[in-house]
Structures are given as structure tokens and as C-alpha cells.
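Below: the structure, in C-alpha cells.
Structure follows, in C-alpha cells:
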């Protein structure tokens, strides 16, 4: 009997020790965050001291890209480990659990849970309310508050936008940081950390800003005085050497064009609002990281910070996402914690790589079927080369391939773009028509996914399809004719 009790005690002790030996994971998502982060150098005036501090103690990927420049397909891809071209999730609908052949996919938090992790989440991790009300396939053990752009001003601050969408607004009005949705999400995350769970935890924290509406309190606007504000660099008539098909990816959207910003004197206001919101979110990231430090969890917590896609603020004559250029695809991606070296990696990386990377960093069994590649070689030595470029897809049969030096885009109708990202980081000169670059284009084209699914059943919102035989283009259920005028241009 004594031997049995001793054996049971040792078994429990070993299980507890093994469980506690697994690193925690703090998983920080920022919505619509482009490369306007200090450590990425996307805007010369941006102030993000907390994210920069995180990057300084870990590895920051300078050439990381999303799998889709739209919330739902990007987040679905990251969390399932599958490309949009594999799932057919291209639009804001459907939720992948509602698609019969996708409903049983094992997501990143579910896989961690199956290996002893307590999974907690607040804010925006999946798109909208996806993942927050699924009873059959529970995504997380514990749910905190959802994402919210509240509070709102009594009236819209920007009143003349072509479609007057409630969320397409920006500026400042009297309110408190403490009342903002992202502040409350940080509060909740801090509470979970202070509770110090007995088992290793996966804590996902999804901030809403700088997604529109870009509202911030005056203190954050004061960091960026209007009289010294630097606007994004643009080239007038930049779209003259881009295919007409490039407009179809964002044909008619609530997000305004550069033309509107210029005509209504809103370009500085939007730029300033985006910068202010980014600095506000950086402060919330800092509050959460401070809680990790105060609870002496830094040495055993892997921190991953990412955004779902980029965001244009006038570049290529538009605002918003929905493009296959760097402004639409490049994202912050930072890892810090145990097993991760300090470094700045210029190799192409994908959000798809997060799932297998965390599995390896947490010492979990290899999971078959994931389409990403673990970043652990680069997390040990940032100079380690990667053979594969980053691939971004937006709607069926439109793909961008980003290598260390080049960006290649192939649209569904066969039109192409090529940019030398070393000599032309703003992507101002499309080289695709020059015969001397054919070999480079061919080398990049071979990386485009061969398994290229049509939109999944129930696909809607920002969905574009193209029929190669007839040449017909359908945007959100309506045909686009060859002589149709580009909206708002």
C-alpha cells in the first residue's frame, strides 16, 4: 500500500513538473496594423516604445506577410494552419466551422489545449464574433470581453465619405482611455496573468485599434502635431502601370480613396489618427507585458505579436487593405521568450508559420497537415536563410509572392506585376512588361499554390470571382463590365 501511495505521489509530481515546464504563450494580435511600428521603420515619426522593447529582446521579422489581406481569411489561415487557397475562405463570411469539410479542423488553441494548456481569449482573434459562440467546437476554455471600437462620438467626425459607413471614421473627441474597448481587454488580460494559472496557459489578446474607426484621446494626438506631420510617400498616378484587374480586388468598398482624402482635407487627419491609435495600442501591449514581468513569468512565457494584414493610407491611391502589395500584406511579427534569440530577420516569413513554430517552441508533437514552416531556425539565428517566399492570396486565383528581393503578383486574368523591393521599396515601377525579368517572374510563379479552391459555400462580402472562359468578373454578386468606371476615381 505504501509503495502504491509513493508511486502515485511521484507520478503526480512528475506530471505537474512536466506541465509546469511547458512555456506559457502570450498571443497578441493587433487589427489592421501595418508596418508603422518603430522597429519596422514604416513611418519615421511613429512612437511604439513597448513593442520596440519586446522586439529588442526577441526576434523581429522585417519581411513577414499575411496569407490574405482581409480579416476573416487571414485569421482563419493563421489559426488553422491552412492557406486560403486550401480552405476557400476568402471573404468576411463564412465562419470556417460552418463549412462541412472544415468544421472539424483542429485550431492552434485546440491543439495546445489537447496538450495541457489552459486557453484564454479576449478581443479579436477570429473575425467578428467567430469563435466566441461555438458550443460544438469550443475554441477557448475562458472568454473575456469581445472587441469593441466604443466609445463613439455623438455624431460622425468624417461626414462626407462616399458610402458613409459607420466604422469608416477617425479623429478625436472627449473621452477617456479607460473607457475604450482595448483598454478593457488589457485589463482583463492582466487579471488572468495576476491569477497565475496552475497549468501552462495560452492567453490570446486581440486589440481592435488601429482598425477604423480610428478614435483616440487627445493625449495620443498630441504626440503627432499636425504642423510637423509627415504623410505617407506616394507617386502621383501610381496606378498607371498596374493592371485594371488590380482595382477589382477592392472595387467598391467603404474605405475611401486617396482622391477623397485630398479633396476633403482628410489625409493628415487620417494619418494622425492612425498614428495616435497605434501608440495607444502600444501602451496597452506594454501594460500586459508589464503584468507578465511583475508576476515573474517573463522567463517562461513565449510572446508572439502579430497583425492580420497591412493597411494603406493613400499609397496606391487607396486606403484600407484588400491588396497584394507590401502595404496590404506586410505585418509586424515578433517572437520573444525562452529558446528565442535576439535578432532582426529579413527572410520572408508568413503568419502561417506561427502554428508550427509555437508547437516546436512548446515541445509539442509534430502536427501533420500544417502548411506553414517552423521559424525556429530563424528564432535561433536570424540570418538563417529560408528557401520559400511568403505567399498572399486575395480571392480566388489572385496571388502575391514576396521573396527577399522581389514582389511578384499574378491576377486571375493573367495580368502581372513585378517590383524590385530593394531599389523600389514603394513599388512605384512595375517591371512585369520588361523581357529581362521573365526568368525572375517564372521563378516566383512556381510558388503559387497549385491547390486553389473556389470560394467556400456561404462566401460573402468582398468576394471576387473571375471566369477565364467568358472573361466575366463578379464582385459581390454583381458583374463588372470592361468599360465600367472605377468607383470614386
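Residue numbers (our numbering): 2 to 490. No residue lacks a Cβ here, since even glycine has one placed at the ideal position from N, Cα and C.
- By the C-beta criterion, the region 241–250 is judged not to be in contact with the region 294–313, since fewer than 3 inter-stretch pairs fall below 8 Å.
- The three-state secondary structure of residue 421, taken from DSSP, is strand.
- A direct Cα-Cα distance of roughly 7 Å separates residue 432 from residue 418.
- Residue pairing from DSSP places residue 474 in a beta bridge opposite 467 and 481.
- For residue 250, the three-state secondary structure derived from DSSP is coil.
- Taking each of 389, 73, 78 and 383 in turn and checking the Cα distance to residue 356, the smallest one comes out for 78.
- Following the DSSP letters along the chain, one finds residue 407 inside the beta strand (DSSP E) bounded by residues 407–411.
- Segment contact: the region 314–330 against the region 248–268, three or more CB-CB distances shorter than 8 Å; contact assigned.
- Under DSSP, residue 123 takes part in a beta bridge, and its partners are 206.
- Only exposed fits residue 462, as fewer than 16 other CB atoms lie within 10 angstroms of its CB.
- In the three-state DSSP reduction, residue 102 falls in the coil class, being neither helix nor strand.
- With a cutoff of 8 Å on beta-carbon distance, residue 429 and residue 269 are scored as not near each other.
- In the DSSP assignment, residue 273 falls within the alpha helix (DSSP H) that extends over 268–295.
- Here the alpha carbon of residue 390 sits roughly 29 Å from the alpha carbon of residue 210.
- Residue 363 carries a coil assignment under DSSP once its states are collapsed to helix, strand and coil.
- Excluding the 5 residues flanking it on each side, residue 28 has same chain C-beta neighbours closer than 6 Å at 205 and 305, in chain order.
- Put simply, the backbone Cα of residue 32 is about 6 Å away from that of residue 309.
- Taking a 10 Å sphere around the C-beta of residue 490, we find fewer than 16 other C-beta atoms and assign the residue as exposed.
- About 6 Å separates the beta carbons of residue 395 and residue 70, which is inside the 8 Å limit, making them a contact pair.
- By the 16-neighbour rule on beta-carbons within 10 angstroms, residue 347 is exposed.
- For residue 301, same chain residues with a beta-carbon under 7 Å away, outside a window of 5 residues either side, are 24, 25 and 339 in chain order.
- A check of alpha carbon separations from residue 179 across 282, 89 and 165 identifies 282 as the nearest.
- Of 480, 54, 50 and 68, the smallest CA-CA separation from residue 331 is found for 68.
- As the crow flies, the alpha-carbon of residue 275 is around 11 Å from that of residue 170.
- Judged by pairs of C-beta atoms under 8 Å, the region 350–368 touches the region 107–116, as three or more such pairs exist.
- In this structure residue 193 is buried. Its beta-carbon is surrounded by 16 or more other beta-carbon atoms within 10 angstroms.
- DSSP, read as helix, strand or coil, puts residue 341 in coil.
- Using a C-beta cut-off of 8 Å, the region 208–222 makes contact with the region 182–199, since at least three inter-stretch Cβ pairs fall below that distance.
- Taking a contact to require three or more Cβ pairs closer than 8 Å, the region 115–127 and the region 136–153 qualify as touching.
- Separation of residue 36 and residue 329 (C-alpha to C-alpha, rounded to the nearest whole angstrom) is 10 Å.
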